[in-house]
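Last residue of the sequence shown: number 255 in this note's numbering, and the count goes up by one each step with no gaps.
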Amino acid sequence: MAILNSLYQSEGYCVYRNFFEINQLQLLNKILHCFHKNWLAQNQEAYKNGAINSAYISQQSSSPLSTEQRTHLFQFIAQQKLIGLLKTIIPEEACFLNTQLFFDPFQLNQKNYWHRDIQYTNIPESDQFKTIQKQQVLHFRVPLKTELGIELIPKTHNCWDTALELAVRKGLDNHQVFDHLPNSKTIDLNAGDLLVFSANMIHRGLYGQDRFTFDILYCDNNSEILKYATPDCFPNQIQLDQVDCPEIFTHNTLS
Ligand SMILES: O=C(O)CCC(=O)C(=O)O
């Protein structure tokens, strides 16, 4: 645990090989495929227009999942093994934020894009560095099969872009958002591995191999982040009673 914390603090990410037994992922895999099949049927246009992920996997309304399946999702998200790690990074009042499911684009030659998650908020760019120093948003990536993984720039959770990184990330001055960036690290992943990385850092997904990967987002108890959480994606009291660490769903101030 201490190893995760110090590596994460200095590099912005940490990978745990064989964190899960494959049989611990079987039911999750089945549930996510059920969600994905329904998502594809409902979102053909978005998929054909380049979508590479869905979100709100645990939401109640219009869900293709049964109550038991949603309960299993909550049990997975709030299991002691994951939350123990999370608490080495956010010791106090770590919260659940959302889930995402990443897959390959419809057009296999679609290019990926460098980004920091914060660039998709309405926080002015001039305030974004100050903001990421004050707030933690973490991706816990759980691949369900072998994938090329994520490419990230270590340490950028703690420092702002170089001129080149900014130009590439924003596609300025004849740069493209998918151009090569120096000092990057590629983390390929297998089923059973866990990758923890900061949403604040510069990163991009690597498409291919028909990837199918589940990201759980956790954050600190900060209303500026938690305004993006959706109450419909949270467990009810009966479900809270069935998870290891219910507090990750209840620290926040959502009504
Ligand atoms: O895997 C991907 O395509 C991108 C992942 C990502 O950018 C993210 O999790 O924020």
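Idealized CB from N, CA, C, for every residue including glycine. Given the structure is predicted, the values throughout are model-derived calculations rather than measurements.
Looking at ligand 1, does it come within less than 7 Å of Asn158, judged from the CB to the closest heavy atom? no
At what residues does the beta strand (DSSP E) containing Asp188 begin and finish? 185 to 189
Report the partner residues of Phe76 according to the DSSP bridge assignment. Paired residues: none, contrary to the question.
Classify Ile118 as helix, strand or coil using the three-state DSSP reduction. helix
Assign Gly12 to one of two classes, buried (16 or more other C-beta atoms within 10 Å of its C-beta) or exposed (fewer than that). buried
Which of helix, strand or coil DSSP assigns to Phe35: Note: Phe35 maps to helix in three-state DSSP.
According to DSSP, simplified to helix, strand and coil, what is Leu85? In the three-state reduction of the DSSP assignment, Leu85 falls in the helix class.
Could you check if Ala78 is buried or exposed, using at least 16 other CB atoms within 10 Å of its CB as the buried criterion? buried
Spell out the partners DSSP gives Asp215 in its beta bridges. Gln100, Arg141
Spatial distance of Gln133 from Thr156 (CA atoms): 11 Å
Rounded C-alpha distance that separates Ile216 from Lys111: 24 Å
Contact check, Leu101 vs Ile57, beta carbons under 8 Å: yes
How is Val168 classed by DSSP in three states: helix, strand or coil? Look at Val168 here: in three-state DSSP terms it is helix.
Burial state of Ile238 (16 or more Cβ within 10 Å): exposed
Kindly indicate which residue of Gln60, Pro64, Gln24 has the alpha-carbon position closest to the one of Ala41. Pro64
Would His203 and Phe197 qualify as a contact pair, given that the criterion is a beta-carbon distance under 8 Å? Yes. Within cutoff.
Is the beta carbon of Phe20 closer than 8 Å to that of Gly192? yes
Would you identify the three-state DSSP class for Leu194, choosing helix, strand or coil? strand
Report all residues from its chain with a CB closer than 8 Å to the CB of Tyr218; omit the five preceding and five following residues, and keep chain order. Leu86, Ile90, Ala94, Cys95, Phe96, Leu97, Val137, Leu138, Phe140, Ile248
Can you tell me which residues form a DSSP beta bridge with Ser54? Leu101
Pick from Ser223, Leu27, Val168 that is closest to Leu73, judged by C-alpha positions: Restricting attention to Ser223, Leu27, Val168, the CA atom closest to the CA of Leu73 is found in Leu27.
On the three-state DSSP scale, how would you describe Arg70? Of the three classes helix, strand and coil, the one that applies to Arg70 here is helix, per DSSP.
Cutoff 6 Å; reference Arg17; Cβ partners in own chain excluding five residues on either side: Asp193
State the Cα-Cα distance for the pair Phe106 and Asp188, rounded to the nearest angstrom. One C-alpha to the other measures close to 21 Å.
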